[in-house]
Structure formats: C-alpha cells, structure tokens
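Reviewing the structure listed below.
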Amino acid sequence: MMRPETEAALAECVRGARGPLCITGGGTRQALGNPVTGEALSVAGLSGITLYDPGALTLVAQAGTPLAEVEEALAAEGQMLPFEPMDHRAVLGTSGAPTVGGMVACNVSGPRRIQAGACRDSLIGIRFVNGAGAVIRNGGRVMKNVTGYDLVKLLAGSHGTLGVLTEVAFKVLPRPETCLALRIGGLDDAGAVAAMTVALGSPCEANGLVHLSGPAETWIRLEGFADALKVRAGKLAALLKTRCGVSAEIVEAGPARAAFEGFRDLAWAAGRPGDLWRLSVRPSDGPALAARLRAAGAGEIVFDWGGGLLWALAPEGTDLRPALAGPGHATLLRAGPETRRALGAFQPEAPAIAAISKALRARFDPRGILNPGRMG
Amino acid sequence: MDMPIPDASILTRKPQIVARLEAVLPPGAVISDPMETRAYECDGLTAYRCQPLAAVLPASTAEVAAVLRICHEEGVPVVPRGSGTSLAGGAMPTADSVILGVARLNAVLETSYDDRYIRVQTGRTNLSVTGAVEADGFFYAPDPSSQLACAIAGNIGMNSGGAHCLKYGVTTNNLLGVTLVLMDGSVVELGGAHLDAAGYDLLGVVCGSEGQLGVVTEATLRILPKPEGARPIMLGFDSNEVAGACVADIIRAGVLPVAIEFMDRPCIRACEAFVHAGYPDVEALLIVEVEGSEEEIASQLARIRAIAERHAPSELRESASAEQSALIWKGRKAAFGAMGQINDYMCLDGTIPVSALPMVLRRIEEMSAQYGLKVANVFHAGDGNMHPLILFDANQPGDLEKCEALGADILCLCVEVGGCLTGEHGVGVEKRDLMSVQFSPDDLSAQMDVKDVFDPGWLLNPAKVFPLAASETRRAGRAS
Ligand SMILES: Cc1cc2nc3c(=O)[nH]c(=O)nc-3n(C[C@H](O)[C@H](O)[C@H](O)COP(=O)(O)OP(=O)(O)OC[C@H]3O[C@@H](n4cnc5c(N)ncnc54)[C@H](O)[C@@H]3O)c2cc1C
Ligand SMILES: Cc1cc2nc3c(=O)[nH]c(=O)nc-3n(C[C@H](O)[C@H](O)[C@H](O)COP(=O)(O)OP(=O)(O)OC[C@H]3O[C@@H](n4cnc5c(N)ncnc54)[C@H](O)[C@@H]3O)c2cc1C
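Heads up: the protein sequence lines correspond to chains A and B, in order.
Numbered as in my numbering, the first sequence ends at 376 without a single skipped number.
Numbered as in my numbering, the second sequence ends at 856 without a single skipped number.
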C-alpha cells in the first residue's frame with residue numbers, strides 16, 4: 001500500500017502508477033460500491049486541519065483528516081457541518097476512522113440534508129490530483145465564488161474516479177443551542193408522509209423528519225435557541241392536530257438527539273441480515289414506492305428526508321430497482337460481492353448522461369487508473 | 377478588451393443561415409435586421425458592444441434544439457441570453473454569433489407544494505417565480521438585486537446569489553434539475569424533483585458555467601415556506617475594524633441572520649443624500665436582519681444587541697415597525713442608484729474571507745488615493761462578497777482606463793488574501809483575462825476539459841470565461 005504524506009508525493013504516486021489504484025481514506029468502505037481491484041493508495045497520510053476561521057464560518061482540512069477530528073474542532077467553537085454526515089460503521093460492520101475526503105468522495109449526508117443541503121452544498125473548495133498526476137485547485141475558502149466552472153460539485157460524489165482529493169474546504173454553520181422532537185405514534189406510511197409534509201411546508205424549520213414503518217413511529221426534529229424552541233414546537237403540534245388530526249408528544253433534547261443519531265447511522269439495520277437499499281424519490285411518491293418494495297420482498301422500511309429517502313432491508317440478491325417505476329434512484333448500500341456485481345451498486349444512467357460521464361472520466365483520468373469500475 | 381476576429385465565412389453565409397433558422401421557427405422569432413439586433417449588442421456591461429449576426433427567440437425546448445442543430449452544422453457560435461442583465465459581459469455577442477434568447481420561454485410548468493418544488497421554463501424572471509407561489513405562502517430563495525428583470529436562465533448561467541444567501545445559499549443550492557440542450561441539439565435531463573441523483577453532479581457544473589456547456593430551457597427549483605416575519609437592526613461604528621469584529625462575533629455567537637450588510641462612510645453619505653433614510657454619519661454601518669416568529673425575532677435581536685453593545689456602537693437602532701424596517705433598508709437598496717446620481721461608477725464584485733475585511737478596506741483606501749479615484753463600499757458582510765464602487769468621470773479621457781486598472785488591482789488583492797475574482801457576477805469577458813491570477817494553467821485546463829466534453833467544437837459562448845490565449849487551440853477546433 002502506498003501512503004504518501006504530502007500532496008506532491010501523492011501526485012508522484014499517481015504519475016508513477018503502472019496500473020489501477022484503489023483509493024482509500026479511512027478504509028471503512030471496503031464492502032461498498034462496485035468492487036475495485038488495484039494497488040491501494042491511502043490518503044490517510046495527508047491529515048490535519050489547515051485553516052479554521054470560525055468568524056468566517058469556514059474550515060479547510062487535508063483529505064485524510066479523520067472526520068471525528070473535524071467535528072471536534074467545530075464543536076469546540078459551537079459550530080458544525082450542516083449536512084450531518086452519517087457514520088456507517090455499525091451498519092456495515094467495519095472499523096477504522098472515516099475521513100473527510102471519503103465523505104466528500106461519496107457526498108455523504110444525513111437527516112438534516114432535507115433542510116440544510118447535502119455535503120456538496122457545504123463544500124466550497126477542493127484540491128485534487130487527477131489521473132495524469134496534475135494537482136488541480138477549484139473553488140476556494142469563501143462562501144460565494146463563481147470564478148470559473150464549479151468542479152467542486154463535480155468531484156463531490158465522484159467516488160474517487162475523477163481525482164484523488166487532497167484538501168477540502170467547507171462552509172460551516174453555528175450549532176443550534178438545543179433541539180426538541182415531536183413524536184407521533186401509529187401512523188401508516190401515507191399518514192406519516194402527510195404529517196411530515198405539513199411540517200416541511202410550515203415556517204417551523206423542521207430539519208429532521210423520519211418515519212419508522214415497523215414500529216409506526218414518526219419523528220420531527222426542531223432546533224434553535226431553547227426559549228424560542230418550546231413555542232415553535234407547540235405551534236407545530238397544534239398545526240399537526242388541525243391539519244392531520246394527529247397528537248404529537250414532545251421529546252426533550254437528550255433523547256431526541258440520541259434518536260436522531262440512531263436514524264442517521266441506521267442503527268435499526270445494524271447486525272440484521274439482508275441487503276440494504278437506499279432509494280431517493282419525491283416525498284409524495286414515498287408511500288406508494290414503499291408498498292411496491294414490500295411486494296417485491298422488502299422487509300423493514302425507514303423513511304428519511306420527510307419521505308423522500310427510503311432505506312429498505314431486502315432478502316439477499318433481491319432486485320428492488322424495478323419497484324422505482326418513476327423518477328428517482330436506487331443504490332445498493334450493503335450487499336455481498338455477488339449481488340453487487342449482478343445488480344450494480346448505482347442506478348444505471350440514461351445513455352446520453354452515461355456518455356458524458358464516460359467522456360469526463362477519460363479527460364480527468366486518461367489512463368483509467370482511478371478506482372476503475374467503481375461507478376460503472 | 378480583445379475579442380477573436382469574426383469568422384468571415386460565417387459573415388458571408390448570413391443569408392443562408394438566417395433562412396435556415398427562419399425555416400424552423402415561427403414568424404418573428406428570427407431577428408436579423410441590424411436595426412433590430414442592436415437591442416442585443418450588449419448586456420449590463422455596456423462598455424463593450426457588438427452586433428450579433430442574428431438573434432433568435434425560440435418558444436420551446438424543441439425549437440431551441442432545432443436552432444442549435446443548425447448552428448452546429450453551420451459552425452456558428454451561439455450566445456445564450458436570459459434578460460441580459462449580466463454585469464460581466466456574459467451575454468455579449470460577437471459579430472459572427474447568433475444570440476439565443478429565452479425570453480419567450482416563460483411558463484410555469486408544474487408546482488408541487490407537497491414536494492416543495494416548482495418547474496418553470498428558464499426565461500421566467502426570478503421575481504415572478506416567487507410571484508407564482510407567494511399567495512400560497514412559499515418563495516424562491518435566491519434574490520439577486522436584479523430579480524425584477526433577470527431570468528432563471530441567467531441565474532443558472534451565473535449561479536447568482538442575493539442578500540439572503542448567508543442563510544439560503546445561492547442558485548446551485550436551490551436548483552434541483554434542468555432540461556439542457558447540448559450544442560448538437562440533443563436534449564438531456566439532469567437531476568429532478570428528487571434529491572441527490574446518482575452519478576456525477578453534472579447539474580452542479582452546469583450551474584455557473586456561463587452558457588458554455590448547453591442551453592437550459594427548463595428548471596426544477598426548490599421553494600420554501602415563507603418565514604413568519606423578519607426585522608432588521610442597524611448598527612453604526614466609528615471604525616471598520618470594530619464593525620468587522622462585531623460581524624464575526626455575531627456569527628460566532630450562534631445567531632444566523634438572513635442578511636448582514638456593511639456600508640462604509642462614502643457609501644453611507646451618498647445614500648443618505650439620495651434617499652434621506654436617516655443614516656448616522658459614521659465610519660461603518662451594519663444592517664443585520666433576522667427572521668422567524670415574533671418570539672424568535674425578539675430573542676435573536678436581544679442577542680445581537682448584547683454583542684453589539686460590547687463593541688460600543690455609536691448608533692444602535694432596532695426597527696419597531698414595518699415603516700422603520702423599510703427606512704433602514706431604503707438607503708442600502710438605493711446604494712447603486714445613489715452613487716449613479718453623483719458619478720459614473722464601476723461596480724466590482726470580489727470575495728474575501730470576512731476576517732480580512734479591515735485590512736482589505738484599508739488597502740483599498742490606499743490604492744484609491746494612489747489612483748486619485750474615490751471608492752465606496754457596500755458589502756454582504758455575512759459571506760465576504762464585496763462590491764467596491766469606483767467613481768470616475770466617463771467624459772474625462774483616460775479615466776476609464778485608470779478605473780479599470782484600479783479595479784484589477786482590487787480584485788488581485790481579493791485573490792491575494794484568499795478570496796476570489798467574482799462572488800456573484802461571473803467572469804464573462806470582464807474578468808476573463810484575470811483568471812490566470814487565481815488559477816494555474818492546470819486548474820484552467822481541468823475546467824476547459826469539461827467544456828470539451830459538453831461542447832467539443834467550442835461553439836457555445838466561446839470567447840468568455842477563459843483567457844483567449846489559454847483557450848486558443850481548443851477554440852480552433854483542435855480539442856479532443
Ligand atoms: C454506493 C454507496 C452508497 C453510500 N451511501 C451512503 C449514504 O447514503 N449515506 C452515508 O452516510 N454514507 C453512505 N456511504 C458510505 C460512505 O462511503 C462513507 O461514509 C465514507 O466514504 C467514509 O469515508 P472513508 O474515509 O472511510 O472512505 P473510504 O471507505 O476509504 O472510501 C470511500 C470512497 O471514497 C473514495 N475516496 C476516499 N478517499 C478519497 C480521496 N481523498 N479522494 C478521492 N476518493 C477518495 C474511495 O476510493 C471510496 O470509493 C455510501 C457509500 C457507497 C459506496
Ligand atoms: C442592477 C443589477 C443588480 C444586480 N444584482 C445582482 C445580485 O445581487 N446578485 C447577482 O448574483 N447578480 C446580480 N446582478 C447580475 C445579473 O443580474 C445576474 O448575473 C443574473 O443572473 C443574470 O441574469 P440574466 O437573465 O439577465 O442573464 P444574461 O445576462 O442574459 O446571461 C447571463 C449568463 O448566463 C448565460 N445564459 C443565459 N441564458 C442561458 C440559458 N438559457 N442557458 C445557458 N446559459 C444561459 C449567458 O450566456 C450569460 O453567460 C445584477 C445586475 C444588475 C444590472
């Protein structure tokens with residue numbers, strides 16, 4: 001395994017590569033995506049926060065920096081990464097330290113994504129090494145920047161196939177003083193999505209909306225200053241009563257926070273057998289999709305993002321993609337190599353888009369050595 | 377400013393090209409009479425002008441595709457245009473190009489409050505998108521000051537922002553999908569009403585690509601429920617440093633205002649003289665606006681007031697009514713008009729890390745003295761987007777050139793302190809030749825690689841964004 005300590009050394013590794021490279025950050029993803037074979041190139045040696053300017057809400061870190069280190073530094077200043085990245089070690093049964101580079105390469109976001117945007121929305125600058133070994137910079141460390149093309153977005157979620165990220169810069173936000181949740185019991189999928197839709201359509205700024213279909217529990221999180229939050233929760237509860245006829249119980253900060261950490265990391269699916277699918281659709285399509293997924297064999301289904309993100313456990317090897325039947329996409333998050341090979345981790349792209357993706361790969365990685373095959 | 381020499385073979389083929397375009401578009405949609413194409417000779421950057429070969433105003437995605445197919449076959453450059461309010465010359469034509477205006481594409485196609493999106497044709501103006509959903513309690517967040525006139529097409533082309541982006545982000549953060557017509561006439565759908573489509577974020581690169589990758593004809597936009605209310609507080613300080621420190625302290629205290637505007641003394645004086653908003657005569661003025669319910673507004677303003685008082689402001693005025701709020705905003709909103717009353721001016725648009733603010737303002741003052749040209753500053757302090765206004769006299773020979781040189785110096789300073797050349801107006805032709813200050817040849821090459829993929833013949837808005845020397849071989853069709 002190659003483990004360069006500087007960006008220049010990393011570029012040298014890429015330039016000198018004779019065959020495919022398998023890029024690793026914390027290496028917590030070995031069982032994810034389409035399988036890649038190649039010589040391991042670890043980015044973990046490029047570690048450390050290079051700049052943190054709390055008054056300007058910006059943080060820059062080397063790509064191999066453990067995510068935990070970044071989150072600690074932010075917490076010390078009462079700030080946070082708005083997109084609430086999940087920690088998927090429990091659900092995948094892996095160990096290691098997730099890195100900020102890996103998080104960006106996979107565009108990892110959690111429940112707050114529905115209100116605060118995805119990882120890509122907070123990412124404001126990058127440095128990366130392309131497949132020819134050239135160091136490229138794009139974006140910067142300021143929030144507003146329209147200088148040239150936004151390659152920052154292109155690289156976010158490119159799973160290491162367009163470049164090896166060496167540095168990432170984020171727009172961060174103040175961490176809310178506290179949180180509260182409304183918990184509603186006994187709703188079916190349609191009722192739950194209706195309630196979550198009412199919350200999202202109100203000015204209450206709900207920023208976590210999860211429905212567990214098994215125990216029939218619906219959770220809506222509110223965040224802000226303690227004094228104002230109680231009032232807001234009361235208003236939302238009253239609104240849910242009049243608009244949906246449901247009664248919500250108010251859950252205090254401690255248990256609410258714990259519950260949402262569990263939702264973020266898919267605690268409910270940890271240690272349980274079966275393939276794990278992740279489906280993104282319009283929230284209003286969620287309940288009907290859930291019904292089709294069950295008909296196709298899915299067991300437990302959990303809704304996030306107000307109904308727009310469905311997590312589904314299914315018996316090994318079951319193809320849930322045909323259930324989509326409309327706009328959206330289905331990603332295989334956890335499955336054995338056989339299934340991943342047979343079904344592909346990612347939703348197949350329309351031919352015109354696939355052609356553009358392929359041409360971009362050929363430009364950024366002319367020798368085809370960066371995580372070849374990971375994205376198809 | 378240099379532009380490539382127009383292709384003579386295109387100029388001589390004008391009748392044939394116009395005839396082909398007329399054959400696929402309804403009557404009146406092709407404009408080729410030089411009297412009428414004059415309306416398209418420039419955008420908001422009026423210092424540079426050129427008449428296009430022709431202008432076309434298609435009314436559907438299919439018509440846009442037909443136009444592009446013809447121009448592709450004829451090898452004619454195409455310059456997409458929304459409302460032409462770009463301040464960077466992004467929609468400025470060349471003599472051998474066809475202007476493709478989307479003004480007739482202005483329908484609302486679909487609205488879903490349950491899924492919180494609206495799908496529109498891109499010729500629709502920014503403000504009229506909010507207009508379409510306002511009665512139901514929703515709004516479209518990005519709010520450039522030009523929102524009454526500018527089109528969603530141009531907002532996507534420039535990734536435009538507005539006063540409220542500290543909280544709501546810019547266009548790219550509110551854009552869910554587009555219908556994109558490529559230069560060869562093929563139509564692709566990127567993104568859609570669901571979040572985070574799999575695959576590369578092509579939508580993210582198209583946004584802000586200044587009409588160089590494809591023509592956007594439809595857009596799916598995120599809409600948000602309107603906050604219950606909003607209220608500003610006005611703070612005056614005797615020094616820029618202290619005002620800058622106050623901004624940082626507000627942010628660090630966990631309050632996230634929707635807007636923090638900063639004005640320096642020359643700007644305050646000009647605005648006050650123009651609209652009589654009752655501004656104090658201070659070194660620096662901050663307008664901080666918060667939103668939410670009545671309780672939330674009160675609690676946030678109390679926090680801001682406490683922080684501000686630690687910095688001993690010479691003025692602290694919290695709005696107590698809608699009239700007072702309007703008055704506080706009145707001067708700020710009239711800033712550009714106010715400056716225009718006194719002088720010709722050039723409006724810059726650079727970004728800096730907020731922490732560098734006092735130093736940058738000091739340096740600008742020094743440079744202003746060196747050049748003998750006054751500079752006034754209005755500033756979105758929450759996100760570091762500066763708009764220095766350089767005052768000059770257009771009738772004074774040599775003044776414009778001096779003004780441009782000072783402008784370039786200020787933008788280079790922005791880059792030097794860790795910021796960038798443009799925060800919201802775009803590169804266009806205006807900053808094209810400064811790009812090498814911010815980017816290395818490899819950085820620029822990676823961006824141009826993307827253009828090669830979407831538009832291998834470099835026919836879409838080709839002479840913009842990249843320094844002409846850097847793009848020369850690619851424009852000559854030797855890409856691939
Ligand atoms: C198909 C798929 C779906 C996923 N869905 C979700 C989800 O919905 N929510 C969620 O929270 N998590 C999701 N993940 C998990 C996510 O991969 C991990 O949370 C994150 O990658 C952990 O970082 P790491 O440092 O361990 O990266 P690794 O496990 O080492 O690498 C992750 C991926 O990023 C690449 N990579 C790592 N570092 C770099 C770098 N510096 N430059 C370029 N590429 C690099 C790797 O080659 C690999 O492809 C998903 C992953 C995959 C593959
Ligand atoms: C008084 C004033 C105030 C302003 N305030 C702000 C502000 O606060 N924030 C801000 O960000 N900007 C501001 N601007 C700049 C300008 O309004 C924005 O850049 C706006 O988004 C341009 O929109 P437009 O429709 O006029 O686009 P145009 O000027 O017509 O075009 C802009 C760019 O987009 C491309 N383009 C146009 N249509 C398409 C299409 N269909 N497909 C692909 N590309 C296309 C063009 O080729 C060009 O490069 C201001 C301008 C003025 C005059």
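Every residue, glycine too, gets a C-beta built ideally from N, C-alpha and C.
As the structure is a computational prediction, the values presented were derived from the model and not from experiment.
| Within 7 Å: the Cβ of R480(B) and any heavy atom of ligand 2? | As a working note, residue 480(B) is residue 104 in the second sequence. Not under cutoff, so the answer is no.
| message | At 4 residues or longer, what runs of the alpha helix (DSSP H) sit wholly inside the stretch 612-646 of chain B? | response | Qualifying alpha helix (DSSP H) stretches, in chain order: 616-628.
| Whose C-beta lies closer than 6 Å to the C-beta of E644(B) among residues of the same chain, with five residues either side of it excluded? | As a first step, residue 644(B) is located in the second sequence; it is residue number 268 there, counting from the start. Note that residue 644(B) is Ile in the sequence shown here, rather than Glu. Here the set comprises Y655, L661.
| Just curious, the beta strand (DSSP E) that H211(A) is in, first and last residue? | Walking along the first sequence from the start, residue 211(A) turns up at place 211. H211(A): member of the beta strand (DSSP E) spanning 208-212, first to last residue.
| task | Please name the residue, chosen from A624(B), F712(B), A752(B), R598(B), that lies closest to R686(B) on a Cα-to-Cα basis. | result | Residue 686(B) sits at position 310 when you count from the first residue of the second sequence. Residue A624(B) is the option with its Cα nearest to R686(B).
| query | So G140(A) packs on G157(A), CB below 8 Å; how close in whole Å? | reply | If you number the first sequence from 1, residue 140(A) lands on position 140. If you number the first sequence from 1, residue 157(A) lands on position 157. Actually they are not in contact, since the Cβ atoms of G140(A) and G157(A) sit about 20 Å apart, beyond 8 Å.
| query | Using 8 Å as the limit for Cβ to Cβ distance, is I459(A) near chain B? | reply | In the structure as shown, chain A starts at 1 and stops at 376, and residue 459(A) therefore has no counterpart that could be examined.
| request: Tell me whether A529(B) counts as near ligand 2, meaning its Cβ is closer than 7 Å to at least one heavy atom of that ligand. | output: By 1-based counting over the second sequence, the position of residue 529(B) is 153. Yes, since a heavy atom of ligand 2 falls inside the 7 Å radius drawn around the Cβ of A529(B).
| Under the three-state DSSP convention, the category N761(B) falls into | Start at 1 with the first residue of the second sequence, and residue 761(B) comes out as number 385. Strand, per DSSP.
| query | Apart from the five residues on each side of it in sequence, which residues of its chain come closer than 8 Å, Cβ to Cβ, to L724(B)? | reply | Here residue 724(B) corresponds to residue number 348 of the second sequence, with the count starting at 1. Its chain contains M762, H763, P764, L765, I766, G783, I786, L787 as the residues whose beta carbon lies nearer than 8 Å to that of L724(B), once the 5 sequence neighbours on both sides are disregarded; these appear in chain order.
| Along chain A, in chain order, which residues have C-beta atoms closer than 9 Å to that of M534(B)? | Numbered from its first residue, the second sequence carries residue 534(B) at position 158. The answer, in chain order, is V146.
| task | Just the chain B side, please: which residues come within less than 7 Å of Y52(A) by C-beta, in chain order? | result | Taking the first residue of the first sequence as 1, we reach residue 52(A) at position 52. Residues of chain B with a Cβ closer than 7 Å to the Cβ of Y52(A) do not exist, since the nearest Cβ in that chain sits about 11 Å away.
| query | Can you list the residues of chain A that L797(B) reaches, using a CB-CB cut of under 7 Å? | reply | Position 421 of the second sequence, counted from the first residue, corresponds to residue 797(B). What L797(B) touches in chain A: T147.
| field | Residue closest to V591(B), alpha-carbon to alpha-carbon, out of A464(B), V478(B), A732(B), L463(B) | value | Reading the second sequence from its first residue, position 215 is the one you call residue 591(B). The shortest Cα separation from V591(B) among A464(B), V478(B), A732(B), L463(B) belongs to V478(B).
| query | Quick one: is the Cβ of H652(B) within less than 7 Å of any heavy atom of ligand 2? | reply | Reading the second sequence from its first residue, position 276 is the one you call residue 652(B). Closer than 7 Å to some heavy atom of ligand 2: that does not describe the Cβ of H652(B).
| Distance between C583(B) and S856(B) (C-alpha atoms, nearest Å) | One-based indexing of the second sequence puts residue 856(B) at position 480. One-based indexing of the second sequence puts residue 583(B) at position 207. Low per-residue confidence applies at S856(B): pLDDT is 42, beneath 50, and the placement is therefore not dependable, though the value from the model is reported in the following sentence. If I take the Cα positions, the gap works out to 23 Å.
| task | Round the Cβ separation of A192(A) and T218(A) to the nearest angstrom and send it over; I've been treating them as touching at under 8 Å. | result | Within the first sequence, numbered from 1, the residue matching residue 192(A) stands at position 192. Within the first sequence, numbered from 1, the residue matching residue 218(A) stands at position 218. Correct: roughly 4 Å between the Cβ atoms.
| query | With 8 Å set as the bound, which would you pick, yes or no: does the beta-carbon of M383(A) sit closer than that to a beta-carbon of chain B? | reply | Because chain A in this structure spans residues 1 to 376, residue 383(A) falls outside the shown range and cannot be described.
| query | With a CB to CB cut of under 6 Å and the five nearest residues on each side skipped, what residues in its chain are close to S585(B)? | reply | The residue given as residue 585(B) occupies position 209 in the second sequence. Cβ neighbours of S585(B) within its own chain (closer than 6 Å, five residues either side excluded): none.
| message | Classify Y188(A): buried if its beta carbon has 16 or more other beta carbons within 10 angstroms, exposed otherwise. | response | Locating residue 188(A) in the first sequence gives position 188, where the first residue counts as 1. A quick correction: the sequence has Asp, not Tyr, at residue 188(A). Residue environment: D188(A) is assigned as exposed (fewer than 16 neighbouring CB atoms within 10 Å of its CB, all protein chains considered).
| message | With distance defined between alpha-carbon atoms, name the residue in Q588(B), C447(B), N616(B), V618(B) nearest to F830(B). | response | The residue given as residue 830(B) occupies position 454 in the second sequence. Nearest option by C-alpha distance: Q588(B).
| field | the stretch 218-249 of chain A: positions lying closer than 8 Å to chain B by Cβ | value | Listed by position, the residues of the stretch 218-249 of chain A near chain B (Cβ gap below 8 Å) are G224, F225, D227, A228, V231, R232, K235.
| said: Using the three-state DSSP reduction, which class does T422(B) fall into: helix, strand or coil? | reply: Within the second sequence, numbered from 1, the residue matching residue 422(B) stands at position 46. T422(B): coil per DSSP, three-state reduction.
| field | Other residues of its chain near K171(A): CB distance less than 7 Å, five sequence neighbours each side excluded | value | Here residue 171(A) corresponds to residue number 171 of the first sequence, with the count starting at 1. Close CB contacts of K171(A) within its chain, under the 7 Å cut and outside five residues either way in sequence, are with L57, T58, S122, I124, M143 (chain order).
| Got a sec: which bits of the stretch 776-801 of chain B sit with their beta carbon under 7 Å from any beta carbon on chain A, in order along the chain? | Residues passing the 7 Å Cβ filter: G794, G795, C796, L797, T798, G799, E800.
| query | For K241(A), does the count of other Cβ atoms within 10 angstroms reach 16, so buried, or fall short, so exposed? | reply | Counting from one through the first sequence, the residue named residue 241(A) turns up at place 241. K241(A) comes out exposed.
| message | Please classify P838(B) as buried or exposed, where buried requires at least 16 neighbouring CB atoms within 10 angstroms. | response | Translated into positions along the second sequence, residue 838(B) becomes position 462. P838(B) comes out buried.
| message | For the stretch 189-222 of chain A, list every residue whose C-beta sits within 9 Å of some C-beta in chain B, in sequence order. | response | Those would be V193, A194, T197, L200, G201, S202, P203, C204, E205, in chain order.
| field | Min CB distance F613(B) to chain A below 8 Å | value | In the second sequence, residue 613(B) corresponds to position 237, counting from 1. Not flagged as an interface residue toward chain A: F613(B), since no C-beta distance is shorter than 8 Å.
| field | Selection of the stretch 116-138 of chain A by Cβ proximity to chain B, strictly under 8 Å | value | For chain B, the residues of the stretch 116-138 of chain A that bring a beta carbon within less than 8 Å of one of its beta carbons are G117, A118, R120, D121, N130, A134, V135, I136, R137, N138, in chain order.
| query | Assuming L74(A) contacts P98(A) under a Cβ cut-off of 8 Å, what Cβ separation, rounded to an integer in Å, is found between them? | reply | Position 74 of the first sequence, counted from the first residue, corresponds to residue 74(A). Position 98 of the first sequence, counted from the first residue, corresponds to residue 98(A). Between L74(A) and P98(A), the beta carbon gap of about 15 Å keeps them out of contact (Cβ cut-off 8 Å).
| message | Does the structure place the stretch 661-670 of chain B close enough to the stretch 628-641 of chain B that three or more beta carbon pairs sit under 8 Å? | response | Yes, the stretch 628-641 of chain B touches the stretch 661-670 of chain B.
| said: Counting only C-beta atoms, is D378(B) closer than 8 Å to chain A at any point? | reply: Residue numbering aside, residue 378(B) sits at position 2 when the second sequence is read from its first letter. So, not an interface residue.
| said: Pop quiz: P54(A) and L173(A) are said to be a contact at Cβ under 8 Å. What is the actual Cβ separation, rounded to whole angstroms? | reply: Residue mapping note: residue 54(A) aligns to position 54 of the first sequence, counting from 1. Residue mapping note: residue 173(A) aligns to position 173 of the first sequence, counting from 1. 11 Å between Cβ atoms; not a contact.
| query | Could you give the distance in angstroms between the alpha-carbon of A288(A) and the alpha-carbon of R294(A)? | reply | Position 288 of the first sequence, counted from the start, is the residue given in the question as residue 288(A). Position 294 of the first sequence, counted from the start, is the residue given in the question as residue 294(A). Taking the Cα positions, A288(A) is about 10 Å away from R294(A).
| said: Quick check on this structure: which residue in R367(A), E349(A), A323(A), I49(A) has the alpha carbon closest to the alpha carbon of E72(A)? | reply: If you number the first sequence from 1, residue 72(A) lands on position 72. The candidate whose alpha carbon is nearest that of E72(A) is I49(A).
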